[in-house]
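Structure record follows, encoded as structure tokens.
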Amino acid sequence: MTERPIILMSRLLAAFLTCAASALLAAGAAFGIVTALDATPEQPNVPLVTFPEPPADGTSGTAGSGAG
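Encoded structure:
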């Protein structure tokens, strides 16, 4: 009858160690992801498409309204 408490304690110890190991693994993964994201260089903020500035007087360079 003395074996039953020993088995229970070993299972509790195994469950605790598994929980602690998984918590450490999750914390390490989170730290690694943050470190990897901080290590990436900052991307330049350059637009891919640029448009010409409109004329200062507010009129377009086309003649007529095009309404036909």
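Those letters in the sequence shown? Residues 269 to 336, per our numbering, in order.
Every residue, glycine too, gets a C-beta built ideally from N, C-alpha and C.
{"query": "Any idea what DSSP makes of Phe319, helix, strand or coil?", "result": "coil"}
{"query": "Distance check for Leu285 and Leu276, CA to CA, integer angstroms please.", "result": "14 Å"}
{"query": "In whole angstroms, what is the alpha-carbon distance linking Ala307 and Asp325?", "result": "48 Å"}
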